[in-house]
Amino acid sequence: MPPVPIGATRERVFHFVRERLLAGDPPTVRDVQNVFGFRTPQTARYHLEKLVAEGRLLAARGKARGYRLLEQIDVPSPVQWVPVLGRVQAGHLTTATEELDGYVPMPAGSDRRDLRSNDELFALRVQGESMTGAGIFPGDVVIVRRQPTADSGALVVALVDDEATVKRLRLRDGQVELHPENPDFDPILTDREVTLLGKVIEVRRTLE
547 MPPVPIGATR ERVFHFVRER LLAGDPPTVR DVQNVFGFRT PQTARYHLEK
597 LVAEGRLLAA RGKARGYRLL EQIDVPSPVQ WVPVLGRVQA GHLTTATEEL
647 DGYVPMPAGS DRRDLRSNDE LFALRVQGES MTGAGIFPGD VVIVRRQPTA
697 DSGALVVALV DDEATVKRLR LRDGQVELHP ENPDFDPILT DREVTLLGKV
747 IEVRRTLE
C-alpha cells in the first residue's frame, strides 16, 4: 500500500482534534500519537504545530491539552481556507503537481476589490530565487487566483509544457514572455505551449 500523503494525514489529525475539542474533551499529544499510530509523540506534535502554523489551531504553551479551535474564540471575520497545492519554482522549471500540503487562512468576504465571492484560490510554496526582486523568496507562500488570462506585467503562475513556474508576464507582439525579477536568471521566451494557471494576488512569509 502506498504511503498516505502528509497533507492527508494532517487533515485527518485536524478533524480528530476538532471533534474532540467540540465535544469538550481536548486531546493530548499522546492521544494523537496513539490514535494515528505514530511511532513517537514528536511526530504527533509535528502535525499539531503545523496546524498551528497554518492558523487552524491555537496553542496555549505549557498545557498538556492546550490546543484550541479558532472557531471557539471571537474572530473578527469568517476565514476561508486556501489549499496549498505543493511547490512551484521561482527559478528553473519544475514538474507541476497538485498535492495537498496544508492550508493558509484568508478572510472570507474580503473587502479587496480584486477578489470576488466566486473566485477560486489556491496557494503554492516557492522554491528558487528568480523572483527576489519582486519580494518573493524561497519558502514564501504565494496565493493565486485561478484564471486563464492576465494583463501584461502581472505576476503569474504558468505551465510551460506541463512544468510550472512563477514569473512576471509580458505580452509582446502576441508572444507570451515569462520574466524573472533577478538579473541572474534569464527570461523564458518560448514558442512552446504556455498555460496560465492564475495570477499571484498575495505573498505570505513566516519568519521561522
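If you want my numbering, it's the 1-based position in the sequence shown plus 546.
For glycine and all other residues, C-beta sits at the position ideal for the given N, C-alpha and C.
Quick caveat, the model's predicted, so the values are computed rather than measured.
About 6 Å separates the CB atoms of Leu615 and Arg564; that is less than 8 Å, so the two are in contact. The DSSP assignment places 687-692, 701-706, 709-718, 721-725 as complete runs of the beta strand (DSSP E) inside the stretch 682-743, in order along the chain (cut-off: 3 residues). With respect to the C-alpha of Gly583, the residue from Arg558, Leu667, Val703 having the closest C-alpha is Arg558. Going by C-alpha positions, Leu724 is about 11 Å away from Phe731. Ranking Ala704, Leu594, Lys596 by CA distance to the CA of Ile734 puts Ala704 first.
Following the DSSP letters along the chain, one finds Asp647 inside the beta strand (DSSP E) bounded by residues 646-653. Two segments are said to touch when three or more pairs of C-beta atoms, one from each, lie closer than 8 Å; by this definition the stretch 646-653 does not touch the stretch 692-711.
Bounds of any alpha helix (DSSP H) do not take in Arg751, whose DSSP letter is neither H nor E. Bridge partners of Lys745 according to DSSP: Arg691, Val702.
Annotation: the continuous beta strand (DSSP E) that includes Leu615 extends over 613-615. When the alpha-carbon of Val578 is set against those of Ala590, Gly570, Lys713, the nearest one is in Ala590.
Spatial neighbours of Arg692 in its own chain (CB-CB distance under 6 Å, excluding positions within 5 residues in sequence) are listed in chain order as Glu666, Gly744. Per DSSP, the beta-bridge partners of Phe668 are Val690. Counting of Cβ neighbours within 10 angstroms places Thr695 among the exposed residues, the total staying below 16.
Put simply, the backbone Cα of Leu568 is about 23 Å away from that of Pro629. The alpha-carbon separation between Ala669 and Arg633 amounts to approximately 9 Å.
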